[in-house]
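First up is the structure itself, then whatever we jot down about it.
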Amino acid sequence: EKDSQSLTLAIGASLGDAKGVNLFPVALRDVNKRFIERISISIVGIVLLIISILFYFKLSTELTIASRQLNTTKGEYNSLVAQLQDLKNTLIIEKLVNNRWDMGSLFKQLTYLPDKVYLTHLNFGDGSVSLSGFVAIEETDDKNAEKEARKILSPLIESLKKNSFHNVRIESVKSNLDKRVVEFTIKFQLGSQ
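Be aware that the sequence shown starts at 1, since it is given in the working numbering, and climbs by one per residue.
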């Protein structure tokens, strides 16, 4: 009786409008629905797995490229650091050469002191030199004595300026008329300015 009823429905559906009529038995309808759901889920899972694998390979490739670039950059950096250190060393050497004291020239200048000029002290410190001494004079007036001493010292000052000494200046001039001398101090810098 069940079969005849299903057959009657099938004949009626085939002769009439069969839209929306499922002719499969109820037990088979659920199996097909579950099968379609399983296939759909499997297909979605496989597609997601393939996408994940492709994404992993893409990231892995990018990581490898970035790692190579990093290693190249590190090598270039190390090379530049070595070159920079060489340049620093070269600059230090050049600075030392340029700032060296020309002691021979200084002592040569001091051996040709003007007449009546006598040195009593020679002090070195921090790249500077201080010369102290006195000038024998004939004057008895303080102002004229100091003026005469500056005039006598001026060739020494000019000679020091011409021989690579910098900031050459008479620091002080003080007359001592009792001894008929004018005491002086000359200061200047050695090396580069």
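For each residue, glycine too, the CB sits at the ideal point set by N, CA and C.
This one's a predicted model, so the numbers in the text were calculated from it and none came from an experiment.
Buried or exposed by the 16-neighbour rule on C-beta atoms within 10 Å, applied to residue i
i: Q193; result: The predicted position of Q193 is uncertain, since its pLDDT is 49 and thus under 50; a value taken from the coordinates is nonetheless stated next. Flag for Q193 reads exposed.
i: A66; result: exposed
i: S175; result: buried
i: V168; result: buried
i: I152; result: buried
i: F184; result: buried
i: L156; result: buried
i: F57; result: exposed
i: F55; result: exposed
Close beta carbons around residue i, own chain, < 8 Å, minus the five adjacent residues each side
i: Y118; result: G133, F134, V135 and A136
i: I36; result: none
Beta-carbon gap between residue i and residue j smaller than 8 Å
i: F188; j: L160; result: yes
i: L106; j: V129; result: yes
i: L190; j: G127; result: yes
i: L177; j: D142; result: yes
Whole-angstrom C-beta distance between residue j and residue i, which should lie under 8 Å
i: I92; j: L131; result: Rounded, the Cβ-Cβ distance is 30 Å, inconsistent with contact.
i: V182; j: V173; result: 6 Å
i: Q109; j: N163; result: 6 Å
Nonlocal neighbours in the same chain, by C-beta distance under 6 Å from residue i, ignoring five residues either side
i: H121; result: S132
Pairing CB atoms from the region 107-115 with CB atoms from the region 143-150, are three or more of them under 8 Å? no
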